[in-house]
Amino acid sequence: GNGISAGDIKKLQEAGFYTVESVAFTPKKCLLAIKGISEAKADKIMTEAMKIVPMGFTTATEYHQKRSEIIQITTGSKELDKLLGGGIETGSITEIFGEFRTGKTQLCHTLAVTCQLPIDYNGGEGKCLYIDTEGTLRPERLIATCNRFNLSPDAVLENVACARAYNTDHQMQLLVQAAAMMTESRYVQS
């Protein structure tokens with residue numbers, strides 16, 4: 001074995017680390033803050049994670065290949081998609097902010113639906129994790145958007161996992177839960 005036990009993995013998961021990448025990308029001091037993880041154990045965990053996750057230099061060819069796997073999800077607006085270079089990119093978190101009544105919520109509602117479209121239709125063939133920081137998620141607006149894209153409202157609603165974040169600490173807790181959910185299924189964040 002590699003010296004990392006099932007108990008160690010359980011401790012990592014309880015601390016919010018559900019993927020090898022999340023362990024490899026975290027500072028060592030965060031691992032040391034986990035009850036029951038010694039300095040030697042943290043070093044071992046980091047070493048093993050870095051064997052799996054490439055964290056050094058790579059060629060531009062390899063980087064180009066990785067970038068080619070990114071899917072652009074349509075915003076539902078050809079003009080906005082053009083401004084964004086094709087749509088919202090998968091594989092990253094996109095923060096949408098702006099003045100009151102500028103369309104942020106509508107954009108999020110649309111993305112919660114379009115991320116479920118087939119890839120041929122500029123979708124992600126995925127599910128949506130919707131963290132609602134303002135209490136503005138309206139399933140009836142998702143249903144209206146389904147009709148525009150000829151998708152089943154029942155299927156779309158079932159594929160949107162939503163949570164209301166009440167403050168920044170709660171939002172961070174929800175992001176940890178989201179990470180766990182994304183390891184189990186194909187979610188696109190909204």
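Residues in the sequence shown are numbered consecutively from 1, following UniProt numbering.
Glycine is no exception: its CB is placed at the ideal position from the N, C-alpha and C atoms.
Rounded C-alpha distance that separates residue i from residue j
i, j, result
"residue 158", "residue 44", "40 Å"
"residue 53", "residue 86", "28 Å"
"residue 167", "residue 133", "8 Å"
"residue 128", "residue 48", "31 Å"
"residue 82", "residue 76", "11 Å"
"residue 19", "residue 150", "35 Å"
"residue 161", "residue 110", "15 Å"
"residue 155", "residue 142", "11 Å"
"residue 108", "residue 120", "21 Å"
"residue 126", "residue 153", "15 Å"
C-beta atoms of residue i and residue j nearer than 8 Å
i, j, result
"residue 93", "residue 104", "no"
"residue 70", "residue 91", "yes"
"residue 28", "residue 42", "yes"
Bridge-paired residues (DSSP) for residue i
i, result
"residue 160", "128"
"residue 89", "72"
Environment of residue i [buried if 16+ CB atoms lie within 10 Å]
i, result
"residue 57", "exposed"
"residue 59", "exposed"
(request) Could you tell me whether the region 4-20 touches the region 178-185, using the rule of 3 or more Cβ pairs below 8 Å? (result) Enough Cβ pairs lie closer than 8 Å, so yes.
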